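Participant: Chains as they are written, first to last, in the numbering used here: chain A, 17 to 488; chain B, 48 to 1070. Structure below; questions to follow.
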Amino acid sequence: CTEDKLDEIDTNPNTPTDSPVQLLLPQVEVDAAFGISGTDLAWISSVFVEHTTGVHAQFENLDKRAVGSFTNNTTSNNWNDIYAGELVDLNLIIQKGSDGGSEAGAWRYVGIAKVLKAYTLGITTDLFGRIPYSEALQGDALLKPVYDKQQDIYTVIDDLLTDAIVDLDKTSSKSPTNADLFYGGDAAKWKKVAYSLKARYYNHLSKRDPAGSADKALAAAAQGFASPADNFTFTKYTTAAIGQNPWYQEQNDRGHFAVSATFYSILQNGTPTVTADDDPRIPFLVDPVGRNASNPRVAAPNGTAIADQGGTTYSRISTNIVDATSAQPLMTYAELKFIEAEAQLRKGNATAAYDAYVAGVNADLNAKGGSTYTNSTSTNANVIAFRAKVFMGASNLTLRDIITQKYVAAFPYMSIESYNDYRRTGFPVLNNPKGPAPRRFPYPQSEIDTNGDNVPNVPLASGVWWDDGTED
Amino acid sequence: QSRSISGRVTDRQTGDGLPGVTVLLKGTSNGVSTNADGTYTLSVTQSAGTLVFSSIGYIQIERAFGEENQINVALAPDTKQLNEVVVTAFGIERETKALTYTVQEVQGEQITKVAQPNVTNALQGKVAGVIVRQSSGMPGSSSLITIRGSRFLTGNNQPLYVVDGLPIESQADFGGGVGDTDYSSRALDINPSDIESISVLKGGAAAALYGNRAANGVVVITTKRGKGVGKKAQLSYTSDYTLDYASRFPKLQNTWAQGSNGIFNQNTSTSWGPRITELDPAVLDKGGKAIVPGRVYDNVEPFFRTGHTINNAVDLTGSGDFGNYGVGLGYTKQIGVIPTTGMDRYSAKVGGDFKVSDKFTIGATANYTNLQVSKLPNGSNLSNPLFTTYYAPRSYDLWGIPFEDPNNPNQQINYRGSFDNPRWALAHNSFSEQTNRMFGSANASYKFTNWLTLNYRVGEDFYTTEGKEFYDLGSGNTGGRTAVPSGGQVRDYTVTQNQLNSNANLVFNKDLTDDINLNVLLGNEFYDIRNRYQNMLGQGVTIGGLQNIDNTTTQTTTEYITRKRTVGFYGNLAASWKEMIYLNASGREDFISNLPNGNRTIFYPSVGLGFVITEAVSVPQNVVTFAKLRASYAETAQAPDATYLTQPRFVRGGAGSGYLSDGITFPFQGLTALSLSDVLYTNQLKPVNVSTTEFGADLRFFNNRLTFDYTFFIQNANNQIFAAPSAPSIGYTSRYVNAGKLRTLGNELVLGITPVRTDNGFNWNLTANFTAYRNKVLELAEGVDNIFLGGFTEPNIRAQAGNAYPVIFGTRYLRNSNGQIVVDADGYPQADEQLGVIGQVQPKFEVGVTNNFTFKGITLTAQVDVRRGGQAYAGNTRLARLYGMDKATEDRTSDYIFPGVKESGTDAQGNPTYVSNDIAIKRDQTYWQLVNDGIDEASVFKTDFVRLRELSLAYSLPTSVVSKTKVLSNVSLTLTGRNLFLITKYPNFDPETNIGGASNFQGLEYVALPQVKSYGIGLRATF
């Protein structure tokens, strides 16, 4: 037996040792939608921001702030997915497609990857604060990456989006079609995502730089989504068991979540500033108990709900919005309009703020049940009454109104963004009697175990940089 | 005057008459041999004298006589004869006294005594240093076997099995997960009835000749081949029948109804409702009947049934001038204690040796096994039927309320969502595997001279295991408990393995002088192992009940092939001087495919020395019969089990969450996708080095009535190969490294005592196998404090630097610097924010004590196993408390003060001060669900036990009766029991229960399937 023979025996017949960008792109897109935005991080945020109430197991414990419910292990899977999954694959695409790479000139792929990288870093830093970046993702070469300041990560996000826009404008040696599950390779749409995300992340800095953040957000938003047709939405879920919408899978596999009392009360009654009548979106968002039309809708009280895994006591999120193939928005035109409204309000432009607010509400009403809600000639008494209350006129518009409607529009998929808004603005007003929601997520045990010197030791009640102005 | 003395000589253990015993009048040459039935008649002229009874294999005794003319004696077998031989590496037989390392033998009848169908399980308690962990009492369940603890942090820690000279696969195809079905260990394919003897090669020195794959020791099995049986063919028939019962049931509260916060709710998983006596009779239960206030249902025991084990085996053996042969047929059927579980094993074996000439011998062995196992999902699987059996609320009539909608059998009726109703799960889901296996070898031996022999053996071990796992439409584990039943899954998998082994030995064996013997072995071994795994997963069952993969909406297939080859050259030198000093030295060099080019060679040396004191110093033989000291040192090594660790991998794309069964898997939308593996592979690996130093003493006193075989060993396993966890921020969650040190210090003692041996044939033997070792992880990789071996996000099982291997890891109680638990202002214990070690899995010691009483034809054998000093995470008990079902949750109203301290202020330095806790709490839902449940340490318990592992009472029909049948030569009837009693403080369940299967992931139990106890009867007849 020669070494050559032993080498031959030791050649892996199962997996390739390299991959073209075309096979990496579908993976990073599915991971962005499902792994990073669609599962645990969103579910935890959902319970904290009282979109939903945990009524079973871990999420019930989170809702009840039980001992040991929010630990360094809670987020380990997601952190692994972000760093050892998504960011690695995104970097491979960027490296392969850029100058000097094995597929140099594949700028369309590079641009999309940079947008997704900015998006991933944004979610990660918003939840955790300081995160590894400048020394990260180098494998054996650097085993203990430092944690960069959130302020610096925000610069990185902006730079990545700026670069992405440049790359998306370049002539690309190859372009994805089907492999781009979001837009079929349409560079113009991806540029709008890049601008819209810029607006989102500028606006996150409202507490640090109220005026500057508003100007920059508005400038970016102008080149963002022009209509809901541009939405950054994952629409490709299938009825196959291994292709279904993540919230739908969760509901079937575990049934952790019921519709929260805080959220449902807003739908029914509005807020003290705007007492709205029953929101016409209720039937679209909230199912009767047991999904039986003859049952009432019952929201689960926050912090005190009884266990209800089977969904026989409390209402579940409606199958109108969470079904096997339901679309999952990552960022929408409505959100962009609410960002504009908020920025304009910060600048003191009440009319412009109100126009954007109305556009945001209408866009979401339209998305949740169709034109009957937005048609101003609708004869539906509910709709008329509702519109009369929430379209209160420019002079009466408050930040609370904007964030409240944004909170409704974000239900249930974009709870992370609602959690960010809550930490920035204090809205919606939360009601959990068991205590306030944590203001950041705990770092994973895996980092503490192997990179402990660099992991910031921060209490969970302490805000991230854009929240309280300090990094830790 | 001449007269006759007559009598009968019998075997003290069996009561059978002994033929051919020499009966000699002491001091004369007057003697006779006993007849076939053991009788003798000797003419004497003296009025008094002494008779000497002697026979090879028995302890000689003398008996004085006077005027009597009848003398019956019973001879005790000399089981520890000094010239007894044991089988060592490559089937080489060595005299026990010549060994410089540790080998312990177990006879076939010890294995089959209580009809344990799995040979590995039968070894528990019978060999010092050998620990067997049977995952459950389910038919076909896997077992972990280790010899002298673990050497490898994440690699294989189980010994090599060798059957009739052929190394075979003995391990499970898959390791244990927290929610899998268990996978049988392949040692189960061996029919215990075929076994003549088992020789366990324990340390590095004993196993070194086998090289790379024997670092964990070797279990050498010799099957019955008719050697020494005689020209008349012997046919033996064995039949056993046992009744099996679940060994323990949880102790449940019987006061509180289903519900939460004291309010009845018939859809919740918890029993924190009102008193059952206070239920509202107007409410209808889930079956539509009025609820009966005060009615408490026993939901657990009706779930179980009486299991059966039926074992039949026939062996035909014989020998003669031509050679020898053995043919064995076996059938074992088990019906498990949980409906639907069971096992069927058919086995056939034929083997023999043929003397072509005085110099040339050829032989062959072939074994065939067909094994079918029906099993169940385990642990956290949502279709594990025990999950909803153990914790079905006492107010819920699990057995009276239908489990499915009569109009739609895929629509379950259950007291809670998501999880399967246990009755529905058994009726609809099914899990089975079937193995077809052939292994065998052909060998030839040529004797050039009486001191030089060449042996060659080539063999093949081939098996295919086909599994089918079916979750019906509507099944909880596939997310099917929806308003309209959905989900369902078919998994068809096949594992095929081929092992080719070739082995040539040249043996030189010569007495160089009267005092010096030299034995030299030179050899070559080649083996090539191919394994192919194919998995077809069909998800979304279309038509309920149809188990074909075509009946699913999505199919995903996976294929995984591994191949590895090793070529080894070795030599062994054994020399002895005056049967007083024994020297053994060996070396082996292996070339291994699955190490990186340039690092493929491993050399293993060993050396050992034995010194027989009783040959050097004159001592009274009847006091110190034999005394030997031995010492050995060996280096062994292990290549990684896994293949292809040297190159990067791009793996099939997908996304998921720990909370989801399915997630997304590519192909998706007609696209395939790849993702760089989150494991960093490296081409820098070197083999793991294991060095073992052992010292032993073999001491026998009072003509072997008291024997000690003691060994102390130090084992260092350095340069471990494992996937060390890394900060995920480097882009990988783990990376393969050569690092880490695991040290084991151990003591083994085999103690043999014959406290009573009377002339009338009563004999009491006691054997104790004592095992105590300490596995300690000295270090892991740089910057790595601990590594994950298995379990949940928390708790889990880990190896931690500076600690014993392995440890339980999870949420701890918050303690002050004095180690006292600190309660909060409400009097509740708190969780330490830092996770840490919450338990030690490894016992301080284990001992198996076998008492054997024989009197005439009656033999009573009892094996008691004792374990002390280990702990396990009792996930089952944790759930029982979370759900408010454990007996401990019955008292929800009394005041309780948690034993701990509370903060009382601060001292001068500003540090907190503490006083004893005096805050009374109620142990109610808040306590159990929101406080206790979040602290993993609260669910860690000691696994100490005393267990009657085996009990058998055998009666051999007297020869006088049996011989009258002309055809029968021996008949015995045996009453047997396994696990008949258990003394333990471990709550609710059997402390040997585990969900890790045959993996390194031990010490975590979570709705594991139960252990069983058995009562049986056996018949053995020899023709």
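The beta carbon of each residue, even a glycine, is placed where N, CA and C say it ideally should be. Treat the numbers as computed from the prediction; the structure is a model and nothing was measured.
(1) Can you confirm whether B/I777, when its beta carbon is compared against all beta carbons of chain A, has any partner nearer than 7 Å?
(2) In terms of residue numbering, what span does the alpha helix (DSSP H) encompassing A/W59 cover?
(3) Per DSSP, B/V726 is paired with what?
(4) What is the DSSP secondary structure of B/P239, counted as helix, strand or coil?
(5) Got a sec: is the Cβ-Cβ distance from A/G259 to anything in chain B below 7 Å?
(6) Alpha carbon to alpha carbon, how far is A/I25 from A/N473? Give it in angstroms, no decimals.
(7) I'd like the span of the beta strand (DSSP E) that includes B/V896, first residue to last.
(8) Am I right that B/V567 and B/N502 are in contact with their C-beta atoms under 8 Å? What's the rounded C-beta distance?
(9) Leaving out five residues on either side along the sequence, give the residues of the same chain with a beta carbon under 8 Å from the beta carbon of A/Y330.
(10) For A/K214, count neighbouring C-beta atoms within 10 Å of its own C-beta (all shown protein chains included) and say buried if the count is 16 or more, exposed if not.
(11) Would you mind reading off the limits of the beta strand (DSSP E) that contains B/N631?
(12) As a quick exercise: from B/Q685, B/T69 and B/Q93, pick the residue whose alpha carbon is nearest that of B/T86.
(13) Straight-line CA distance for A/T328 to B/L429?
(14) When you compare each of B/V420, B/G258, B/T147 and B/N641 to B/R635 by their alpha carbons, which one comes out closest?
(15) Between B/L129 and chain A, is the shortest Cβ-Cβ distance under 7 Å, so that the two count as touching?
(16) Check each residue of the region 112-140 of chain A: if its Cβ is closer than 8 Å to any Cβ of chain B, include it; give the result in chain order.
(17) Report yes or no: do three or more beta-carbon pairs, one from the region 264-272 of chain A and one from the region 693-710 of chain B, lie closer than 8 Å?
(18) Under DSSP, the beta strand (DSSP E) around B/Q762 begins and ends at which residues?
(19) Determine which residues of the region 301-321 of chain B have a Cβ less than 9 Å from any Cβ of chain A, and write them out in chain order.
(20) Please list the residues of the region 1012-1040 of chain B that have a C-beta atom closer than 9 Å to any C-beta atom in chain A, keeping them in chain order.
(21) Please decide whether A/T5 counts as near chain B, where near means a Cβ-Cβ distance under 7 Å.
(22) Helix or strand or just coil, what does DSSP make of B/L129?
(23) Enumerate in chain order the residues of its own chain whose CB-to-CB distance from B/P532 is below 6 Å, with the five nearest sequence positions on each side excluded.
(24) Do you know how far the Cα of A/A49 is from the Cα of A/L132?
(25) Taking A/E266 as the query, report the chain B residues whose CB atoms sit under 8 Å from its CB, ordered along the chain.
(26) Give the interface partners of A/N473 over in chain B, defined as CB-CB distance under 8 Å, in chain order.
(27) In angstroms, rounded to a whole number, what distance separates the CA positions of A/P454 and A/S61?
(28) Please report the distance separating the alpha-carbon of B/E893 from that of A/I98.
(29) Curious, which full-length beta strand (DSSP E) runs of at least 3 residues does the region 303-382 of chain A contain?
(30) Helix, strand or coil for A/P299? Go by DSSP, reduced to three states.
(31) Tell me which residues share the same chain as B/T388 and place their Cβ nearer than 7 Å to its Cβ, disregarding the 5 neighbours each side in the sequence.
(32) With distance defined between alpha-carbon atoms, name the residue in B/S394, B/V654 and B/N865 nearest to B/E682.
(33) Where does A/I439 sit, in a helix, a strand or coil, going by DSSP?
(34) Under 8 Å by Cβ, that's how I've got A/V338 and A/Y264 pegged, so tell me the actual separation to the nearest angstrom.
(35) Just the C-alpha distance for B/A95 and B/L72, rounded to the nearest angstrom, thanks.
Facilitator: Per the coordinate set shown:
(1) Taking the first residue of the second sequence as position 1, residue 777 of chain B is located at position 730. Yes - at least one Cβ of chain A is within 7 Å of the one on B/I777.
(2) On the first sequence, position 43 is the one that residue 59 of chain A refers to. Per DSSP, A/W59 belongs to the alpha helix (DSSP H) from D56 to F64.
(3) One-based indexing of the second sequence puts residue 726 of chain B at position 679. In the DSSP output, where bridge partners are listed per residue, B/V726 has B/S781.
(4) Sequence index remark: in the second sequence, residue 239 of chain B carries index 192 (1-based). Note: B/P239 maps to helix in three-state DSSP.
(5) As a first step, residue 259 of chain A is located in the first sequence; it is residue number 243 there, counting from the start. It does; some Cβ of chain B falls within 7 Å.
(6) Reading the first sequence from its first residue, position 457 is the one you call residue 473 of chain A. Reading the first sequence from its first residue, position 9 is the one you call residue 25 of chain A. Approximately 48 Å between the Cα atoms of the pair.
(7) To locate residue 896 of chain B, count along the second sequence from 1; it is residue 849. That run of the beta strand (DSSP E) goes F892 to F902.
(8) In the second sequence, residue 567 of chain B corresponds to position 520, counting from 1. In the second sequence, residue 502 of chain B corresponds to position 455, counting from 1. So it is not a contact: roughly 14 Å between Cβ atoms.
(9) Numbered from 1 along the first sequence, position 314 holds the residue referred to as residue 330 of chain A. Closer than 8 Å at the Cβ level, and outside the excluded window around A/Y330, lie T69, V71, A274, V275, V305, V314, A315, A316, A321 and D324.
(10) Position 198 of the first sequence, counting from 1, holds the residue named residue 214 of chain A. Buried.
(11) The residue you call residue 631 of chain B lines up with position 584 of the second sequence. Unbroken beta strand (DSSP E) run through B/N631: I628 to I639.
(12) One-based indexing of the second sequence puts residue 86 of chain B at position 39. Nearest of B/Q685, B/T69 and B/Q93 to B/T86, Cα basis: B/T69.
(13) Indexing the first sequence from 1 puts residue 328 of chain A at position 312. Indexing the second sequence from 1 puts residue 429 of chain B at position 382. Going from the Cα of A/T328 to the Cα of B/L429 covers about 19 Å.
(14) For the purposes of this step, residue 635 of chain B is taken as residue 588 along the second sequence, with counting starting at 1. Comparing Cα positions, the closest option is B/G258.
(15) Your numbering for residue 129 of chain B matches position 82 in the second sequence. Reliability fails at B/L129, whose pLDDT of 49 lies under 50, so the model's placement of it is uncertain and no value is given.
(16) none
(17) yes
(18) Looking up residue 762 of chain B in the second sequence gives position 715. Taken as a continuous stretch (DSSP letters only), the beta strand (DSSP E) holding B/Q762 covers L753 to N765.
(19) G306, S307, N308, I310, N312, Q313, N314, T315, S316, T317 and W319
(20) none
(21) The requested residue 5 of chain A is not part of the displayed model; chain A covers only 17 to 488.
(22) Taking the first residue of the second sequence as position 1, residue 129 of chain B is located at position 82. Low local confidence applies: a pLDDT of 49 at B/L129 is under 50, so the model's placement there is unreliable, and no value is given.
(23) Position 485 of the second sequence, counting from 1, holds the residue named residue 532 of chain B. Answer for B/P532: N457, Q458, L520 and G521, listed in chain order.
(24) Taking the first sequence and counting its residues from 1, one reaches residue 132 of chain A at position 116. Taking the first sequence and counting its residues from 1, one reaches residue 49 of chain A at position 33. One C-alpha to the other measures close to 10 Å.
(25) Counted from its first residue, the first sequence places residue 266 of chain A at position 250. S704, Y706 and L707, listed in chain order.
(26) Numbered from its first residue, the first sequence carries residue 473 of chain A at position 457. Under the 8 Å cutoff, chain B gives no residues; its nearest Cβ is about 10 Å from A/N473.
(27) Residue numbering aside, residue 454 of chain A sits at position 438 when the first sequence is read from its first letter. Residue numbering aside, residue 61 of chain A sits at position 45 when the first sequence is read from its first letter. Going by the C-alpha atoms only, they are around 10 Å apart.
(28) Within the second sequence, residue 893 of chain B is the residue found at index 846, counting from 1. Within the first sequence, residue 98 of chain A is the residue found at index 82, counting from 1. Distance between the alpha carbons of B/E893 and A/I98: 46 Å.
(29) 344-347
(30) For the purposes of this step, residue 299 of chain A is identified with residue 283 of the first sequence, where counting begins at 1. A/P299 falls in the helix class under three-state DSSP.
(31) Within the second sequence, residue 388 of chain B is the residue found at index 341, counting from 1. The answer, listed in chain order, is M185, P186, S421, K422 and L423.
(32) Your numbering for residue 682 of chain B matches position 635 in the second sequence. The shortest C-alpha separation from B/E682 is found at B/V654.
(33) Here residue 439 of chain A corresponds to residue number 423 of the first sequence, with the count starting at 1. Sequence inspection shows Arg at residue 439 of chain A; the Ile mentioned does not correspond to that position. Note: A/R439 maps to helix in three-state DSSP.
(34) Position 322 of the first sequence, counting from 1, holds the residue named residue 338 of chain A. Position 248 of the first sequence, counting from 1, holds the residue named residue 264 of chain A. Right, the Cβ-Cβ distance comes to about 5 Å (below 8 Å), so this counts as a contact.
(35) Walking along the second sequence from the start, residue 95 of chain B turns up at place 48. Walking along the second sequence from the start, residue 72 of chain B turns up at place 25. Answer to the nearest angstrom: the Cα atoms are 10 Å apart.
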